[in-house]
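Participant:
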Amino acid sequence: MQVHEAGQQAGQDAQQAGFAAIDWSTPWFAQFAGRGRRWQQAALTSYADLLAEMNADAVEMRQTTGRGQRLAFIAQDDLPAGAAYEAHIAATGCVPTRHNLHDFFNGSMWFAFPRIKAALNARQSAAIDMLGVGPTRGGVRDTLTLFDENALLFACADPRLSAALRGFDWRTLMVTRRAAWGASCEVRCFGHALLEKLIVPFKACTGHAWIVDVPATYFGWDNEARDAWLDEAVSTALLGTDALKSGMFAPLPVLGVPGWWLENESPAFYDDASVFRAGRRGRETQAR
């Protein structure tokens, strides 16, 4: 019993340390720092306080899940035995939530990009209805999960920059066209597992970029308007694309984003081929 209690206490201490370590000044967390700071203080107080804070915001926002059910957050132990996570959310509106960073950031995305989260839930629950819950998710559900866990939204008004990202042309994207960042392209973090990793940033931390073509006027809007536009555009794409597959993403090392990490001000930062890889075409060129 004492060993079990000691283990529980160690787990709680680790969770508290994780919540305390969130640095809201970093670009990947700053996008939802207003709500996040309140939730952080609640999480540091207790599990019950965190759920209460999340649910108060859900009531105020009147957000719904994939099948129009009103969003709410419940303790993980309240998920009925044998119930599929996404199917339960779609059917009841209740998101099972643990007292940890992973679920903290998952909940945050229901407010930062509510339409995208609802679209992901709608597609996941529809796939479960059709195929059931088997030993593997299948290609579509794997892609939806990858988006939910690890996506970056790469908003871009210049097709040449999108092509550079898809072509692993890091020198063009990050060095030669560096001034285009903030004027013709930018990144928003979405994946909650990716955000959890970024509590302790490391150079090889890589997200799966979902490229979103935006109008040039996008970069004259405030952040709230940009997020609302991305939320609508990406959710529409997710619901309207039948053949979802992992090849629709482009790998993007997060700390390479200009302005996001001090060390990347030096062009030599991008010479690390173990992080900024050449991609298949680049490897073929090198071989030739």
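The UniProt record's numbering numbers the first residue of the sequence shown as 1 and each following residue consecutively.
Note that the Cβ used here is the ideal one computed from N, Cα and C, for glycine as well.
Keep in mind it's a predicted model, so treat the numbers as computed, not measured.
1) Relative to the alpha-carbon of Gly-256, which residue among Ala-157, Leu-144, Ile-128 and Phe-168 has its alpha-carbon at the smallest distance?
2) Decide if the stretch 31-51 is in contact with the stretch 78-93; the criterion is three or more beta carbon pairs, one per stretch, under 8 Å apart.
3) Fully enclosed by the stretch 234-265, which beta strand (DSSP E) runs are 3 residues long or longer?
4) Are three or more beta carbon pairs between the stretch 250-267 and the stretch 212-231 nearer than 8 Å?
5) Identify the residues that DSSP records as bridge partners of Thr-26: which are they?
6) Drop a sphere of 10 angstroms on the beta-carbon of Asp-13, count the other beta-carbons inside from all chains shown, and report buried for 16 or more, exposed for fewer.
7) Straight-line CA distance for Ile-128 to Pro-251?
8) In the structure shown, what three-state DSSP assignment does Gly-93 receive?
9) What do you get for Phe-104, buried or exposed, if any count of 16 or more other CB atoms within 10 angstroms of its CB means buried?
10) Under three-state DSSP, which class holds Arg-67?
11) Pick out whichever of Leu-198, Asp-222 and His-208 has its Cα sitting closest to the Cα of Arg-166.
12) Suppose you measure from the CA of Cys-156 to the CA of Trp-170; what does that come to, to the nearest Å?
13) Reducing DSSP to helix, strand and coil, say where Gly-207 ends up.
14) If Trp-28 and Leu-239 are in contact, beta carbons under 8 Å, what's the gap, nearest whole angstrom?
15) Within its chain, find whatever has a CB closer than 6 Å to the CB of Asp-222; leave out the 5 residues flanking it on each side and keep chain order.
16) Start and end of the beta strand (DSSP E) containing Leu-152?
17) Below 9 Å between beta carbons: does that hold for Asp-57 and Phe-19?
18) For the alpha helix (DSSP H) that Phe-104 lies in, which residues bound it at each end?
19) Among residues of its own chain, excluding the 5 on either side of Val-140, which ones have a beta-carbon nearer than 6 Å to its beta-carbon?
20) How is Arg-62 classed by DSSP in three states: helix, strand or coil?
21) Going by beta carbon distance, what residues of the same chain come within less than 7 Å of Glu-232, once the five residues before and after it are set aside?
22) Helix, strand or coil: how does DSSP classify Ala-268 here?
Facilitator: Checking against the coordinates, here is how it stands:
1) For the purposes of this step, residue 256 is identified with residue 256 of the sequence shown, where counting begins at 1. Of Ala-157, Leu-144, Ile-128 and Phe-168, the residue nearest in Cα terms is Phe-168.
2) no
3) 250-253
4) no
5) On the sequence shown, residue 26 is found 26 positions in, with the first residue counted as 1. Answer by DSSP bridge pairing: none, since Thr-26 is not bridged.
6) Position 13 of the sequence shown, counted from the start, is the residue given in the question as residue 13. The residue in question, Asp-13, is exposed, as its Cβ has fewer than 16 Cβ neighbours within 10 Å.
7) Counting from one through the sequence shown, the residue named residue 128 turns up at place 128. Counting from one through the sequence shown, the residue named residue 251 turns up at place 251. Answer to the nearest angstrom: the Cα atoms are 28 Å apart.
8) Here residue 93 refers to the residue found at position 93 of the sequence shown. Coil at Gly-93, not helix or strand.
9) Start at 1 with the first residue of the sequence shown, and residue 104 comes out as number 104. With 16 or more other Cβ atoms within 10 Å, it is buried.
10) Indexing the sequence shown from 1 puts residue 67 at position 67. Coil, per DSSP.
11) For the purposes of this step, residue 166 is taken as residue 166 along the sequence shown, with counting starting at 1. Arg-166 has its Cα closest to that of His-208, out of Leu-198, Asp-222 and His-208.
12) Here residue 156 refers to the residue found at position 156 of the sequence shown. Here residue 170 refers to the residue found at position 170 of the sequence shown. Near 16 Å, if we compare the C-alpha coordinates of Trp-170 and Cys-156.
13) Within the sequence shown, numbered from 1, the residue matching residue 207 stands at position 207. In the structure shown, Gly-207 sits in a strand (DSSP, three-state: E or B).
14) Taking the sequence shown and counting its residues from 1, the one referred to as residue 28 is at position 28. Taking the sequence shown and counting its residues from 1, the one referred to as residue 239 is at position 239. About 26 Å; that fails the 8 Å criterion.
15) Counted from its first residue, the sequence shown places residue 222 at position 222. Counting only Cβ-Cβ distances below 6 Å, and skipping sequence neighbours, we find nothing.
16) Position 152 of the sequence shown holds residue 152. Unbroken beta strand (DSSP E) run through Leu-152: 151-156.
17) As a first step, residue 57 must be located in the sequence shown, where it is residue number 57. As a first step, residue 19 must be located in the sequence shown, where it is residue number 19. No, these two residues do not count as a Cβ contact at 9 Å.
18) Translated into the one-based positions of the sequence shown, residue 104 becomes position 104. 101-112 is the extent of the alpha helix (DSSP H) around Phe-104.
19) Position 140 of the sequence shown, counted from the first residue, corresponds to residue 140. Excluding positions up to five away in sequence, the list reads Ala-127 and Leu-244.
20) Position 62 of the sequence shown, counted from the start, is the residue given in the question as residue 62. It is coil, neither helix nor strand.
21) Counted from its first residue, the sequence shown places residue 232 at position 232. So the list reads Arg-115, once near-sequence residues are dropped.
22) In the sequence shown, residue 268 corresponds to position 268, counting from 1. In the structure shown, Ala-268 sits in a helix (DSSP, three-state: H, G or I).
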